[in-house]
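The sequence shown begins at 1 in the UniProt record's numbering and counts up by one.
Ideal Cβ placement from N, Cα and C applies to all residues, glycine included.
In this text the structure is predicted, and so the values were computed from the model without any measurement.
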Amino acid sequence: CNDTTSKFEATKTTESLLTKNREAPEQLYSEANKFYEQGDVQGAKSLLIKAIEVDDVHSKELLGIILLKEPKVMDVKRGFSLISEAADDGLA
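Have a look at this one:
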(Lines of atoms letter the chains of each structure in order from A and count residues from 1; the text may use other names and numbers.)
(Lines give C-alpha, C1' and ligand atoms only; values in the text may rest on other atoms or scores of the structure.)
Protein backbone atom coordinates (compact mmCIF):
# COMPACT_ATOMS: atom_id res chain seq x y z
CA CYS A 1 0.00 0.00 0.00
CA ASN A 2 1.63 3.26 -1.04
CA ASP A 3 1.39 6.58 0.79
CA THR A 4 -0.99 8.14 -1.75
CA THR A 5 -3.41 5.22 -1.51
CA SER A 6 -3.34 5.13 2.28
CA LYS A 7 -3.89 8.90 2.55
CA PHE A 8 -6.81 8.61 0.12
CA GLU A 9 -8.34 5.70 2.06
CA ALA A 10 -7.84 7.50 5.38
CA THR A 11 -9.42 10.66 3.97
CA LYS A 12 -12.34 8.68 2.56
CA THR A 13 -12.84 6.89 5.90
CA THR A 14 -12.59 10.15 7.84
CA GLU A 15 -15.10 11.95 5.62
CA SER A 16 -17.51 9.04 5.90
CA LEU A 17 -17.28 8.92 9.70
CA LEU A 18 -17.59 12.67 10.14
CA THR A 19 -20.55 12.82 7.77
CA LYS A 20 -22.39 10.14 9.76
CA ASN A 21 -21.56 11.66 13.11
CA ARG A 22 -19.82 14.97 13.66
CA GLU A 23 -18.59 13.73 17.03
CA ALA A 24 -17.11 10.39 15.99
CA PRO A 25 -13.66 10.42 17.62
CA GLU A 26 -14.04 6.89 18.99
CA GLN A 27 -14.75 5.56 15.50
CA LEU A 28 -11.81 7.49 14.05
CA TYR A 29 -9.56 6.09 16.79
CA SER A 30 -10.79 2.56 16.10
CA GLU A 31 -10.20 2.90 12.35
CA ALA A 32 -6.79 4.47 12.95
CA ASN A 33 -5.86 1.59 15.21
CA LYS A 34 -6.82 -0.89 12.46
CA PHE A 35 -4.71 1.01 9.92
CA TYR A 36 -1.77 1.00 12.36
CA GLU A 37 -2.10 -2.73 13.10
CA GLN A 38 -1.99 -3.38 9.34
CA GLY A 39 1.21 -1.33 9.04
CA ASP A 40 -0.40 1.73 7.47
CA VAL A 41 1.28 4.36 9.64
CA GLN A 42 0.38 7.28 7.35
CA GLY A 43 -3.29 6.28 7.23
CA ALA A 44 -3.41 5.93 11.00
CA LYS A 45 -1.73 9.30 11.47
CA SER A 46 -4.26 11.02 9.18
CA LEU A 47 -7.23 9.61 11.07
CA LEU A 48 -5.74 10.37 14.48
CA ILE A 49 -5.15 13.99 13.49
CA LYS A 50 -8.85 14.28 12.60
CA ALA A 51 -9.84 12.74 15.95
CA ILE A 52 -7.55 15.16 17.78
CA GLU A 53 -9.30 18.05 16.04
CA VAL A 54 -12.45 17.05 17.96
CA ASP A 55 -10.36 16.72 21.14
CA ASP A 56 -10.08 12.94 21.54
CA VAL A 57 -7.59 12.24 24.32
CA HIS A 58 -6.94 8.60 23.35
CA SER A 59 -6.04 9.69 19.84
CA LYS A 60 -3.57 12.21 21.26
CA GLU A 61 -1.88 9.42 23.18
CA LEU A 62 -1.73 6.96 20.26
CA LEU A 63 -0.48 9.57 17.80
CA GLY A 64 2.12 10.63 20.34
CA ILE A 65 3.34 7.04 20.62
CA ILE A 66 3.40 6.64 16.84
CA LEU A 67 5.38 9.87 16.43
CA LEU A 68 7.93 8.64 18.97
CA LYS A 69 8.18 5.10 17.60
CA GLU A 70 7.72 5.06 13.83
CA PRO A 71 10.66 6.22 11.67
CA LYS A 72 8.40 7.16 8.71
CA VAL A 73 6.62 9.84 10.73
CA MET A 74 8.98 10.40 13.66
CA ASP A 75 8.58 13.74 15.40
CA VAL A 76 9.90 13.38 18.95
CA LYS A 77 8.97 16.89 20.09
CA ARG A 78 5.37 16.61 18.85
CA GLY A 79 5.09 13.04 20.17
CA PHE A 80 6.07 14.03 23.70
CA SER A 81 3.81 17.07 23.50
CA LEU A 82 0.77 14.96 22.56
CA ILE A 83 1.44 12.40 25.29
CA SER A 84 1.81 15.21 27.84
CA GLU A 85 -1.45 16.79 26.66
CA ALA A 86 -3.23 13.44 26.96
CA ALA A 87 -1.93 13.07 30.52
CA ASP A 88 -2.99 16.64 31.36
CA ASP A 89 -6.43 15.85 29.94
CA GLY A 90 -6.79 13.01 32.45
CA LEU A 91 -5.51 9.97 30.58
CA ALA A 92 -3.41 7.99 33.01
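Among residues of its own chain, excluding the 5 on either side of residue i, which ones have a beta-carbon nearer than 6 Å to its beta-carbon?
i          : result
residue 51 : 25, 28, 29 and 59
residue 35 : 43 and 44
With respect to the alpha helix (DSSP H) encompassing residue i, which residues constitute its N-terminal and C-terminal limits?
i          : result
residue 44 : 41-53
residue 27 : 25-37
Please confirm whether residue i and residue j have their CB atoms less than 8 Å apart.
i          : j          : result
residue 82 : residue 63 : yes
residue 32 : residue 57 : no
residue 45 : residue 65 : no
residue 41 : residue 70 : yes
residue 43 : residue 9  : yes
Leaving out five residues on either side along the sequence, give the residues of the same chain with a beta carbon under 8 Å from the beta carbon of residue i.
i          : result
residue 93 : Outside the shown range of the chain (1 to 92) lies residue 93, about which nothing can therefore be said.
residue 88 : none
Note down, one range per segment and in chain order, each beta strand (DSSP E) of at least 3 residues found wholly within the stretch 55-90.
none
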